[in-house]
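Q: Position 53 (the sequence shown) corresponds to 276 in my numbering; numbering is contiguous.
This is the structure, below, for whatever I ask next.
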Amino acid sequence: MVYWLNGVPPLKIVSLWQYGKLWEAIFSSTSNTEIRVSAFAALGIGFVASLTLPVLALIKLNGTPKQTLHGDARFATERDIRQSKSVTWGDDNGKGIVIGKYKGKLLRYVQPDFVSLGAGSRSGKGAAVVIANLMLWLGSAIILDLKQGATTHQPLSAKGVGKQDFSV
224 MVYWLNGVPP LKIVSLWQYG KLWEAIFSST SNTEIRVSAF AALGIGFVAS
274 LTLPVLALIK LNGTPKQTLH GDARFATERD IRQSKSVTWG DDNGKGIVIG
324 KYKGKLLRYV QPDFVSLGAG SRSGKGAAVV IANLMLWLGS AIILDLKQGA
374 TTHQPLSAKG VGKQDFSV
């Protein structure tokens, strides 16, 4: 590379190299011992490097985690639930909406965000999620219930608690 940067033509570079000099330094009877040891060390280092570098490159390439096309979803562990700031577990203070049950305790989503629930028609969204949350909800609620399924069950739990229902 240095020759080429200095304007030396490629054929001249090839003629400057002396391919047999290392071999001659190792096996020539006229070479002294120090030169032989140095030449043999250079040959050994080059040999080890030529084997080691590709192996290290393969280890590096195989050691990197593969990126998946659709993500790496998994179920949350108990540790994940305890560390979450969005979900409480076993805290029955009535804050947040019920999103599930784990080891007999309710999981509640406590962030003040919008929550969307999507499922097919007649799949039990109202009975499983909406009515269950309205029964446990301590505050007032505005309910957009076109089929009037959730509002017929809600007043039973609201009596005497001071809840107000506004059905739209």
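For each residue, glycine too, the CB sits at the ideal point set by N, CA and C.
At the level of alpha carbons, what is the spacing between L361 and K289?
A: 46 Å
Q: Have a look at V231 and E257 and give me their C-alpha separation to the nearest angstrom.
A: 33 Å
Q: Measure the alpha-carbon distance for E301 versus K348 and round it to whole angstroms.
A: Approximately 26 Å, taken between the alpha carbons.
Q: Closer than 8 Å by C-beta to I304: which residues in its own chain qualify, once you throw out the five before and the five after it? Chain order, please.
A: V310, W312, Y325, L330
Q: Below 7 Å CB to CB, which residues in the same chain sit around L359 once its five sequence neighbours on both sides are set aside?
A: Closer than 7 Å at Cβ, skipping near neighbours: G317, V321.
Q: Measure the alpha-carbon distance for N229 versus K235 and round it to whole angstroms.
A: Separation of N229 and K235 (C-alpha to C-alpha, rounded to the nearest whole angstrom) is 12 Å.
Q: Smallest Cα separation from A299: which of A264, G323, G343?
A: Its Cα nearest to that of A299, the residue G323 stands out among A264, G323, G343.
Q: CB A264 to CB I249, shorter than 7 Å?
A: no
Q: Hey, how far is the Cα of V333 from the Cα of P277?
A: 52 Å
Q: Return the chain-ordered list of same chain residues with a C-beta closer than 7 Å to the C-beta of V338, the five sequence neighbours on each side being excluded.
A: I320, Y332
Q: Drop a sphere of 10 angstroms on the beta-carbon of N356, count the other beta-carbons inside from all chains shown, and report buried for 16 or more, exposed for fewer.
A: buried
Q: Can you tell which of I354, S346, K244, K308 has the C-alpha that lies nearest to the C-alpha of D336?
A: K308
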